[in-house]
Amino acid sequence: MQKISLYDMDRTITVRGTYTPFLFHMVFALAPWRLIFLPILPFGFIAYALKLISRGQLKTFNQRWLLGSAPRLSTLQPHIERFADGVLRHNRHRKAINQIEADRADGRKLVLVTASYELYAGAIARRLGFDHLIGTQLVVDGEGRVLPQINGENCYDDAKIGRIKQLFSTQGWQRGEAHVRAYSDHVSDEAMLEFADEAIATTPTPKLRRLARLRGWKIVDWR
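As structure tokens, this is what we get:
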């Protein structure tokens, strides 16, 4: 039987979110002058709150102003690597790392499933020894420039389960012949947790804690 562990990243493995810290890390590393655009960013959040734009569009709105419209991946990469190092030094739950290591030792395939950009989540996944990464993909053009445009869907909520099923298909994993364990802190991952044989709510938000109690899911505190 194939054993598979699905891990959310932000606030499951990490203590805090990573998207905004990533953008600011890149701003300070590459173009501090872009901080002049900070007063524009609240308009994106207002538009999102009014349901004028999607969560994915909010991401690319912020990205356009802070990262630029087409930075080269080769320019970003060294700073992405440093950001990933910083996350694992200062922004991770030690107990989450221990669980990842235990799952690996148990022969489980490790899959990082995150709404964060694969652009930087990939560097974190490599450092933690994940076998597969499912995240939000950005468009990179033929000249190696990273565009403020999502390739496909923002990997959030139900979009995650679609990507998980796609991975099962490409890897030839049969759901009925696999034991799936899933870890998340947030109720938006309800579909992923439902998909699993063993759902674990990790340092959960109040909504997920209530849902986990109703469903009989295990609750752990990784603080």
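Going by my numbering, the letters in the sequence shown line up with residues 8 to 230, in that order.
All residues carry an ideal CB built from backbone N, CA and C; glycine is no exception.
In this text, all values refer to a predicted model and were calculated from it rather than measured experimentally.
Separation of residue 50 and residue 149 (C-alpha to C-alpha, rounded to the nearest whole angstrom) is 31 Å. Separation of the CB atoms of residue 14 and residue 119 is rounded to 6 Å, and the pair is thereby assigned contact status at 8 Å. According to DSSP, residue pairing for residue 185 in a beta bridge involves 9. In the three-state DSSP reduction, residue 55 falls in the helix class (H, G or I). Residue pairing from DSSP places residue 117 in a beta bridge opposite 12.
Less than 7 Å separates the beta-carbon of residue 100 from that of residue 229.
DSSP places residue 171 in the helix class (H, G or I) of the three-state scheme. The alpha-carbon of residue 26 is positioned some 35 Å away from that of residue 183.
In the three-state reduction of the DSSP assignment, residue 128 falls in the helix class, which pools H, G and I. Here residue 165 is exposed. Its C-beta has fewer than 16 other C-beta atoms within 10 Å.
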